[in-house]
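Per my numbering, the sequence shown starts with residue 7, numbered consecutively. Ideal Cβ positions, reconstructed from N, Cα and C, are used throughout, including at glycine.
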Amino acid sequence: MLRPLPVAAALLALAGCATATLPYTPEQQPKGARISAAYQVLGDRLRVELDTGGRSVEEVEITRPDGAPLRPLAIETMPVGSGSSPVGVGVGVGGGRWGGRGGVGVGTGVSIGIPVGGGRPDTSTFAYFPLDEAGPPPWRLRVKLAGIEPTVIVVGAPPTGTAR
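Set out below in structure tokens:
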């Protein structure tokens, strides 16, 4: 039988090591930031997700093959978390009485909730483009983050498989 404390400690350690890098990265990361991207086709829209490491997006556009920029129809940023720990602890006490002859039940309990891997940080930004105007993949995505030089990420080609 596994002991709860060592298992909880191991899960907490693994959760701290988890990284959420999207599959597409720039040829060279911009100085002072890390950025990655992913995409999804939603009907007649192209949705591009950007993991900016907490920096706000000043500009994002697709550079079409003819060099013309295509601005997004909309940009959404996931809400920033409260900054509190995702680990939750709960304590409960309960009691009851039932039946004509008077059965009594009393209970106490402690629970610890620890999120484990797989989640996205709350720093992602989503840009939506008209698919017919964006053209076929791959798409050259030009991204300008606050205080950082613009960078280009090629999205829609086979990803490199590693974040640079």
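Sixteen is the threshold: when 16 or more other Cβ atoms of the shown chains lie within 10 Å of the Cβ of Pro-32, as they do, the residue is buried. In terms of CA proximity to Ser-130, Ser-62 leads the group Asp-50, Pro-29 and Ser-62. When Cβ pairs closer than 8 Å are counted between the two stretches, the region 35-43 is seen not to touch the region 67-78, the count staying below three.
The closest CA to that of Tyr-134, considering only Asp-50, Pro-144 and Gln-34, is found on Asp-50. With a contact defined as Cβ atoms closer than 8 Å, Glu-55 and Leu-28 qualify at about 6 Å.
Going by beta carbons, Ala-44 and Ile-159 fall outside the 7 Å limit. In the three-state reduction of the DSSP assignment, Glu-139 falls in the helix class, which pools H, G and I. Cβ neighbours of Arg-148 within its own chain (closer than 8 Å, five residues either side excluded): Glu-65, Val-66, Glu-67, Ile-68, Thr-69, Pro-75, Pro-156, Thr-157 and Val-158.
If you draw a 10 Å sphere on the C-beta of Leu-151, you find 16 or more other C-beta atoms in it, and that means buried. Counting only residues of its own chain and dropping the five nearest sequence neighbours on each side, Arg-146 has a CB closer than 7 Å to the CB of Ile-68, Thr-69, Val-158 and Val-160. Within its own chain, the residues whose Cβ lies closer than 7 Å to the Cβ of Gln-46, once the five positions on either side in sequence are excluded, are Arg-53, listed in chain order.
Secondary structure at Ser-62: coil, using DSSP grouped into helix, strand and coil. Within its own chain, the residues whose Cβ lies closer than 7 Å to the Cβ of Leu-137, once the five positions on either side in sequence are excluded, are Val-47, Asp-50, Arg-51 and Leu-52, listed in chain order. Going by beta carbons, Ala-163 and Pro-142 fall outside the 7 Å limit.
For Ala-44, the enclosing beta strand (DSSP E) has its first and last residue at 42-48. With fewer than 16 neighbouring CB atoms inside 10 Å of its own CB, Asp-72 falls in the exposed class. The three-state reading of DSSP puts Thr-27 in coil, since its state is none of H, G, I, E or B.
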